[in-house]
Amino acid sequence: MQKIELHEERFCMRCGGDLVDRFLDNRTRKVCSRCGWICYKSPTLAAATIILLDGKLVMVKRGVDPHKGKWCLPSGFEEYEESPLETAVRETKEETNLDVRIVKLHKVIFTTHFPQQHLVVCFFLCEPVGGELRAGDDAQDARIFPLDDLPEDLAFSTHREVINDLLEGRI
Ligand SMILES: [Zn+2]
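Shown next, in the form of structure tokens:
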């Protein structure tokens, strides 16, 4: 796995001025010394989908790092103008070519797995409504797996947790 370097924000995203530490709203935050912009740091939102096709689970083999070559559920980061539901539908289409309908929100998991980018991942149970399964541009492969023969080496522990929910009847 690639080594991830941690570094703090140093410059203002608005004007390029130096950021300095200031105590605001009960914690130390980075504030621009020139324009006063406050660098609020928030977790990034991602969405992932649980899709059964002919009773088998749809999974994607990652084509990019981190965890390139490992399997995971269709998933990706939210764009600024999207709702989490829209992210789930779009990412699934991009990675698997399947059109899906959201059935329900299964679970929301907060993870600090990537120290430089904390995540909130929304896992949605979805129903396929169209499209032929095939891998998208940033995936090496997209396939269906029988529930008793799933890949062992998964990219993300959060996806493992949700797949266990599926196998143990909690979805
Ligand atoms: Zn500034």
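Taking the numbering used here, the leading residue of the sequence shown gets 1157, the next gets one more, and so forth. The beta-carbon is built from N, C-alpha and C at its ideal position, and this holds for glycine as well.
Beta carbon of cysteine 1171: closer than 6 Å to some heavy atom of ligand 1? By one-based count along the sequence shown, residue 1171 stands at place 15. Yes, since a heavy atom of ligand 1 falls inside the 6 Å radius drawn around the Cβ of cysteine 1171.
Please indicate yes or no: does the CB of cysteine 1188 lie closer than 6 Å to some heavy atom of ligand 1? Within the sequence shown, the letter at position 32 stands for residue 1188. Checking every heavy atom of ligand 1 against the Cβ of cysteine 1188, one is found closer than 6 Å.
CB of cysteine 1195 to nearest heavy atom of ligand 1: below 6 Å? Within the sequence shown, residue 1195 is the residue found at index 39, counting from 1. Not so, every heavy atom of ligand 1 lies at least 6 Å from the Cβ.
Once you ignore the five residues that flank glutamate 1250 on each side, which residues in its own chain have a CB closer than 6 Å to its CB? Here residue 1250 refers to the residue found at position 94 when the sequence shown is read from its first residue. The residues are Gly1292.
Whether alanine 1202 touches valine 1256 by CB criterion (7 Å): Counting from 1 along the sequence shown, the entry for residue 1202 is found at position 46. Counting from 1 along the sequence shown, the entry for residue 1256 is found at position 100. Taking 7 Å as the Cβ cut-off, alanine 1202 and valine 1256 do not qualify as a contacting pair.
Outcome for valine 1214 when other beta-carbon atoms lying within 10 angstroms are tallied against a minimum of 16: The residue labelled residue 1214 in the question sits at position 58 within the sequence shown. Answer is buried; the Cβ neighbour count reaches 16.
Determine the direct distance from the alpha carbon of glutamate 1324 to that of glutamate 1235, and round the result to whole angstroms. The residue given as residue 1235 occupies position 79 in the sequence shown. The residue given as residue 1324 occupies position 168 in the sequence shown. Approximately 32 Å between the Cα atoms of the pair.
With a threshold of 6 Å, establish whether the CB of cysteine 1191 neighbours any heavy atom of ligand 1. As a first step, residue 1191 is located in the sequence shown; it is residue number 35 there, counting from the start. Within the cutoff, so yes.
Mind checking who aspartate 1297 pairs with in its DSSP beta bridge? Reading the sequence shown from its first residue, position 141 is the one you call residue 1297. In DSSP, aspartate 1297 forms a bridge with Lys1217.
Endpoints, the beta strand (DSSP E) within which isoleucine 1207 is located: Position 51 of the sequence shown holds residue 1207. Residues 1200 to 1209.
Starting from the C-beta of cysteine 1195, find all residues in its chain whose C-beta is less than 8 Å away, skip the five residues before and the five after it, and write them out in chain order. Position 39 of the sequence shown holds residue 1195. Excluding residues within five positions, the ones whose Cβ falls inside 8 Å are Glu1165, Cys1168, Met1169, Leu1175, Arg1185, Lys1186, Val1187, Cys1188.
Assign threonine 1200 to buried or exposed, taking buried as 16 or more other Cβ atoms, counted over all protein chains shown, within 10 Å of its Cβ. Position 44 of the sequence shown, counted from the start, is the residue given in the question as residue 1200. Exposed, because fewer than 16 other Cβ atoms sit within 10 Å of the Cβ of threonine 1200.
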